[in-house]
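Chains as they are written, first to last, in the working numbering: chain S, 5 to 348; chain W, 136 to 448.
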């Protein structure tokens, strides 16, 4: 039996675009080790948006940057990160360099530092295009750069191409960074807090642009954010991180509407919402553990209102919850209705 | 009852011609929370600095506790500043890294003439009020978490028994789970001590949660103000409508504005929002629309909302 090209294509499209298995990232300095990401697994399909949601220090950005292999030799990466059959953890530096930009695009938080301040925007775009597509002529690259600036909605793309980054506003700079990220039509877009530094009306523009490009280019998107509202607006699926682990994962509606993990529920309850009585927000007591402070049990147990001795025994693994996604909790919350009574 | 703060025609023009604050009126009643929202560069923090007399702005009148805050200087200004304190955004940079938290609080007490004997019990009382242990009072700023630092900054602001505390993005740098702790604390302190807040933030849901009244600023001007509940239920200015709809993950139909705010050094004539406004007509380029009261306390500066009496005429 022979396998036709069509069968291969079908097989390829049935596999996830990105599959992360037991990824761990540890920063090492002499005898000092900080485990920032501790065994994280998820996958992203073509055209799908997965949001990594977490507070500062939860390991969400380190996860994104580990996928791109942006850390140096003093960082230990373990696990597998499969992009379309290639293991990015094992790949050579040369292969990774080639995949970045062409197959994976990065949009980072601060568009100011993502761009070279002393080179015109157009020249930065042309460089990326010609590195990854050597066949492109100078003129073709220049024309394509203008197309890209048009694609990301800059009002005067020819003028923008001649501008230095400081001559553009924050929103326009982030559009340029997005143009760079999608310049080679990557399969995977990694957006790390892409709108955190922007004003809310500009944030709305940028989120709309990312959604539109995702649809047009069919990219899988990994969106890292601390903002539940951004997650609600953008996510197909959500993975909630706490202390370097994914504590809950599932469809966005379910995770953000009817959470199974007490941390997700507590995070949502802490948000000021229209209905909340002033001064009666439900904060999470204490603060997240530092990497050195992790004990043997569930890392959220010291702050969890449902915790008891059993929670201190061992760290729960991410386990499927019937009818919903998965949660790392020995006693996941049941449906919101039944739990709401006991939580008051 | 007279207003705690009554500011008319606040202006701040920088040497380069940028009008950061352009004719802003702010009245704050005792014990209320007045929210000030707007995007970066709209002049909300500069407004706070003019009120605090940290920027040499101008005002037609600026009265605080029935004293002339604009003209005050020397001992009188110091006396007023004890009653008018600030909680800044970044406690890590606003607290002196080489002073223990308690020493930072003492610093404020000493500046306002508290006797040596009264300081220590006052510090203990303040730490207790903001939920810090005595041991945390002895800590240096780098030993505390963001939420604890912000409690320390609040304790320092409360030291001199202020009537008005300006919170300039006071909870913006905190994670949401910790932010809720500090917001609850601010509300509790207001209930216990009767202080008023001028609460400045770009975070709309936070401002809605804590504020009695809210003003929306755009390019140095207040374009709309009113009771918080009313403003969120019935925003009248096209900018307010777009701003509220832009907040991600809520139910409103999104109005995505085109472009960026114009440069404050060269603002458009008339209504400064007209260059991005879907409803703009030639009229908007003419005179600057004044704030007009539509319902009690709800004022808007937009030609779409003429004075109710003008409609009858």
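From the three backbone atoms N, C-alpha and C, an ideal C-beta is built for every residue, glycine too. No experiment lies behind these values; they were computed from the predicted model shown.
Backbone CA spacing between residue i and residue j [nearest angstrom]
| i | j | result |
| --- | --- | --- |
| residue 148 of chain W | residue 157 of chain W | 8 Å |
| residue 242 of chain W | residue 367 of chain W | 41 Å |
| residue 168 of chain S | residue 352 of chain W | 30 Å |
| residue 216 of chain S | residue 179 of chain S | 13 Å |
| residue 244 of chain S | residue 137 of chain W | 50 Å |
| residue 233 of chain S | residue 277 of chain S | 11 Å |
| residue 195 of chain W | residue 178 of chain W | 18 Å |
| residue 240 of chain S | residue 24 of chain S | 17 Å |
| residue 267 of chain W | residue 438 of chain W | 51 Å |
| residue 364 of chain W | residue 170 of chain W | 12 Å |
| residue 105 of chain S | residue 183 of chain S | 11 Å |
| residue 76 of chain S | residue 91 of chain S | 17 Å |
| residue 275 of chain S | residue 262 of chain W | 26 Å |
| residue 336 of chain S | residue 267 of chain S | 10 Å |
| residue 262 of chain S | residue 273 of chain S | 12 Å |
| residue 165 of chain W | residue 218 of chain W | 12 Å |
| residue 101 of chain S | residue 186 of chain S | 16 Å |
| residue 260 of chain W | residue 320 of chain W | 15 Å |
| residue 223 of chain S | residue 370 of chain W | 37 Å |
| residue 145 of chain S | residue 414 of chain W | 40 Å |
| residue 417 of chain W | residue 306 of chain W | 41 Å |
| residue 291 of chain S | residue 36 of chain S | 23 Å |
| residue 186 of chain W | residue 213 of chain W | 14 Å |
Cβ-heavy atom distance, residue i to the ligand COA, below 6 Å
| i | result |
| --- | --- |
| residue 113 of chain S | With respect to small molecules bound, the structure shown includes none, and the ligand COA cannot be examined in it. |
Where residue i falls: helix, strand or coil (DSSP)
| i | result |
| --- | --- |
| residue 243 of chain S | strand |
| residue 315 of chain S | helix |
| residue 395 of chain W | coil |
| residue 372 of chain W | coil |
| residue 255 of chain W | helix |
| residue 102 of chain S | helix |
| residue 249 of chain W | coil |
| residue 204 of chain S | helix |
| residue 225 of chain W | coil |
| residue 169 of chain W | strand |
| residue 337 of chain W | coil |
| residue 108 of chain S | strand |
| residue 433 of chain W | strand |
| residue 38 of chain S | strand |
| residue 252 of chain S | strand |
| residue 158 of chain W | strand |
| residue 82 of chain S | strand |
| residue 173 of chain S | coil |
| residue 276 of chain W | helix |
| residue 166 of chain S | coil |
| residue 288 of chain S | coil |
| residue 266 of chain S | helix |
| residue 205 of chain W | coil |
| residue 330 of chain S | strand |
C-beta atoms of residue i and residue j nearer than 7 Å
| i | j | result |
| --- | --- | --- |
| residue 400 of chain W | residue 152 of chain W | yes |
| residue 86 of chain S | residue 190 of chain S | no |
| residue 311 of chain S | residue 305 of chain S | yes |
| residue 27 of chain S | residue 192 of chain S | no |
| residue 412 of chain W | residue 424 of chain W | no |
| residue 161 of chain S | residue 172 of chain S | no |
| residue 235 of chain W | residue 273 of chain W | yes |
| residue 331 of chain S | residue 252 of chain S | yes |
| residue 198 of chain S | residue 125 of chain S | no |
| residue 45 of chain S | residue 196 of chain S | no |
| residue 145 of chain W | residue 159 of chain W | yes |
| residue 62 of chain S | residue 310 of chain W | no |
| residue 334 of chain S | residue 320 of chain S | yes |
| residue 41 of chain S | residue 29 of chain S | yes |
| residue 421 of chain W | residue 362 of chain W | no |
| residue 322 of chain S | residue 55 of chain S | no |
| residue 93 of chain S | residue 81 of chain S | yes |
| residue 149 of chain S | residue 129 of chain S | yes |
Inter-residue CB distance, residue i and residue j (contact presumed, cutoff 8 Å)
| i | j | result |
| --- | --- | --- |
| residue 172 of chain W | residue 283 of chain S | Not a contact, Cβ separation roughly 20 Å. |
| residue 334 of chain W | residue 168 of chain W | 5 Å |
| residue 316 of chain W | residue 293 of chain S | Not a contact, Cβ separation roughly 17 Å. |
Inset, instruction - Assess, as a yes-or-no matter, whether the region 377-394 of chain W is touched by the region 197-217 of chain S under the definition of 3 or more beta carbon pairs within less than 8 Å. - result: yes
Inset, instruction - Decide yes or no for the touch test of the region 226-240 of chain W against the region 273-292 of chain W: beta carbon pairs closer than 8 Å, at least 3 of them. - result: Segments in contact, yes.
Inset, instruction - Evaluate contact between the region 203-223 of chain W and the region 295-306 of chain W, counting only Cβ atoms and requiring at least three cross-stretch pairs below 8 Å. - result: yes
Inset, instruction - Examine the Cβ distances between the region 374-386 of chain W and the region 207-214 of chain W and report whether three or more of them are shorter than 8 Å. - result: no
Legend entry - Sufficient close CB pairs (3 or more, under 8 Å) joining the region 336-348 of chain W to the region 374-382 of chain W: Yes, the region 336-348 of chain W touches the region 374-382 of chain W.
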